[in-house]
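**Student:** I have a structure here, written as structure tokens, and I will follow up with some questions on it.
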Amino acid sequence: MNVTAATLLRIQSTQFNQSIVQICPSPSNEVAVKILKYFLYSIIFVTSMCGNCFVCWVVWRRLRMRTVMNYYLVNLAVADLAFTVICIPFDLPVQEKSCVWPYFGALCKALFPLQTMCACASVFTLTAIGYSRYRAIVYPLKVQMGLAAAKKSLFVIWIASFILVLPYILVLQVNPATGHCEEGWPEPKQTYSSIYSFTIFFTEYAIPLPVVFGSYLKICCELRKNGPNTPDAQPDQARDTEKVLKMSIVITIVFAVCALPNHIVWLVIDFSDSNCAQCNTWVIIANMCVFANSAADPIVYTIFNEKYRDEFKRLLGCRKLETREQNENCDAEERAERVPL
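Residue numbers (the working numbering): 22 to 362.
Rendered as structure tokens:
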């Protein structure tokens, strides 16, 4: 079975029939546990939907927000939205039916690959954000990425994500005997499955995240050594640059932490010869962590970005922003335009 940050529901797509019951979260008979699970799923779903829709709305509403950095954040929000819509509403019915596929057959080939594709798009977007920050701060005199180039890179991100899940689409099928959505790899099944699992794992987690963190480490060293190495750098501009950098690092850390339990669980399930007595519990916890990542991103944006925070206050109508604060935001936006975000 595949080991990826997006394979939350791939528990029911293993080709080893004898292990399906062992690792598929079974419906709980305890009312309290079921209520808690549904409550957490509901909180995550509502937070992710509202938060990520808000991010898209803010950038669409304000022309000044349409920077390279915000385009990447919108793409991350779109991936989180799609991930949330595809995962949570379809996850619970499958769990309640002990992984018997409750939908029509074609959805078996679409649902899980779409989840994996959204997760791939997320981590590729994080990589693109890290690269754009690295280029803007370490090599400020070089030609920086414009909006047109950013749009092209987003197109490449989604195409690459689709290509990565194409083998998964081809092998998924509903087994008439068991009613499970399974991977039908050719013989030797375990070899092909393991190769694909490692390909996804390294492409989606083990390679890009160290590269991104390495880029941020280099950026931090550069800022500590030279300050904001940009033409005509100003204190306010330097502060804005550091805020964007902190936000980017936190987003990446949140993704890495939330995805790690899922990877560990599936490494144990896929490559352990012994039965995993606690796999049901750990699978549910790992799933919840990855679901939570989609809800956490817009919260991070609001904490670290004043423009998102002010728009959120306007949307809620909590208070009317003073003219002085609005002018300060406009000045910050103009500074942001001088430093590619």
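Quick reminder that beta carbons are idealized off the backbone N, C-alpha and C, glycines included.
Do you know offhand how far A127's Cα is from C241's?
**Tutor:** When rounded, the distance between both Cα atoms is 48 Å.
**Student:** Per the DSSP calculation, C202 is bridged to which residue(s)?
**Tutor:** In the DSSP output, where bridge partners are listed per residue, C202 has V195.
**Student:** From the DSSP output, in three-state form, read off P85 for me.
**Tutor:** Pro is not the amino acid found at residue 85; the sequence shown has Arg there. Residue state, collapsed to three classes: helix.
**Student:** So, with DSSP's three-state summary, where would you put F145?
**Tutor:** Note: F145 maps to helix in three-state DSSP.
**Student:** If you drop the 5 nearest sequence neighbours on each side, which residues of the same chain put their C-beta closer than 6 Å to that of Y92?
**Tutor:** Closer than 6 Å at Cβ, skipping near neighbours: A171.
**Student:** Once DSSP output is grouped into helix, strand and coil, what is the label at M166?
**Tutor:** Coil, per DSSP.
**Student:** Assess contact between the region 106-117 and the region 162-169, defined as three or more Cβ pairs (one per stretch) separated by less than 8 Å. Is contact present?
**Tutor:** With the cut-off at 8 Å, the region 106-117 and the region 162-169 do not touch.
**Student:** According to DSSP, is Y62 part of a helix, a strand, or is it coil?
**Tutor:** Correct three-state label for Y62: helix.
**Student:** Would you identify the three-state DSSP class for Y92, choosing helix, strand or coil?
**Tutor:** The answer is helix: DSSP assigns Y92 an H, G or I state.
**Student:** Using C-beta distances below 8 Å, list every residue in its chain close to T146, excluding the 5 sequence neighbours before and after it, in chain order.
**Tutor:** Same-chain partners within the cutoff: Y93, N96, L97, A100, L175 and I178.
**Student:** Determine, using beta carbons only, whether S153 and S315 come nearer to each other than 8 Å.
**Tutor:** No, they are not a contact pair.
**Student:** Measure the C-alpha to C-alpha separation of W303 and V286 and round it to an integer number of angstroms.
**Tutor:** Cα to Cα, W303 sits roughly 7 Å from V286.
**Student:** Mark E51 as exposed unless 16 or more other C-beta atoms lie within 10 angstroms of its C-beta, in which case mark it buried.
**Tutor:** By the 10 Å Cβ count, E51 comes out exposed.
**Student:** Taking all protein chains shown into account, decide if R260 is buried (16 or more other Cβ within 10 angstroms of its Cβ) or exposed.
**Tutor:** Answer is exposed; the Cβ neighbour count stays below 16.
**Student:** Among Q194, M309 and V159, which has the Cα closest to the Cα of A243?
**Tutor:** Reading off the sequence, residue 243 comes out as Glu, not Ala. Closest option to E243, Cα to Cα, is V159.
**Student:** Less than 8 Å between the CB atoms is what I'm expecting for Y155 and S236, so what's the real figure, rounded?
**Tutor:** Between S236 and Y155 the Cβ distance is about 4 Å, and since that is below 8 Å, they are a contact.
**Student:** Need the endpoints of the alpha helix (DSSP H) that C120 sits in, please.
**Tutor:** It is not in any alpha helix (DSSP H) - C120 carries neither H nor E in the DSSP assignment.
**Student:** By DSSP, does G126 sit in helix, in strand, or in coil?
**Tutor:** Three-state result, G126: helix.
**Student:** Here's a check: name, in chain order, each residue in its chain whose Cβ is nearer than 8 Å to the Cβ of P123, leaving out the five neighbours to either side.
**Tutor:** So the list reads P114 and V115, once near-sequence residues are dropped.
**Student:** What's the call for Y329, buried or exposed, on a 16-neighbour Cβ count within 10 Å?
**Tutor:** Y329 comes out buried.
**Student:** Are I107 and F66 closer than 8 Å when you measure CB to CB?
**Tutor:** No; because the gap between Cβ atoms is not below 8 Å, this pair is not in contact.
**Student:** Output needed for A307: all residues of its chain with C-beta closer than 6 Å, excluding positions within five of it in sequence on either side, in chain order.
**Tutor:** Once the five neighbours on either side are set aside, the close Cβ partners of A307 are P282, N283 and V286.
**Student:** Counting C-beta neighbours from all protein chains within 10 Å, is the total for P197 16 or more, i.e. buried, or is it exposed?
**Tutor:** Exposed is the call here.
**Student:** Is it right to say G338 is buried, meaning 16 or more other beta carbons lie within 10 angstroms of its own, or is it exposed?
**Tutor:** The residue in question, G338, is exposed, as its Cβ has fewer than 16 Cβ neighbours within 10 Å.
**Student:** Which residue from R335, I221, F276 and R83 puts its Cα closest to that of V233?
**Tutor:** When each option's Cα is compared against that of V233, the closest is F276.
**Student:** Using C-beta distances below 6 Å, list every residue in its chain close to V195, excluding the 5 sequence neighbours before and after it, in chain order.
**Tutor:** So the qualifying residues of the chain are W122, G126, C129 and C202.
**Student:** Ignore the nearest five residues each way along the sequence and tell me which others in E332's own chain have a CB closer than 6 Å to its CB.
**Tutor:** Closer than 6 Å at Cβ, skipping near neighbours: V79.
**Student:** Could you have a look at Y160 and say whether DSSP puts it in helix, strand or coil?
**Tutor:** Three-state DSSP puts Y160 in coil, outside helix and strand.
**Student:** If we call anything under 8 Å between Cβ atoms a contact, is L57 one with F133?
**Tutor:** Going by C-beta atoms, L57 is not nearer than 8 Å to F133.
**Student:** Please report the straight-line C-alpha distance between I272 and R87, rounded to a whole angstrom.
**Tutor:** Distance between the alpha carbons of I272 and R87 is about 19 Å.
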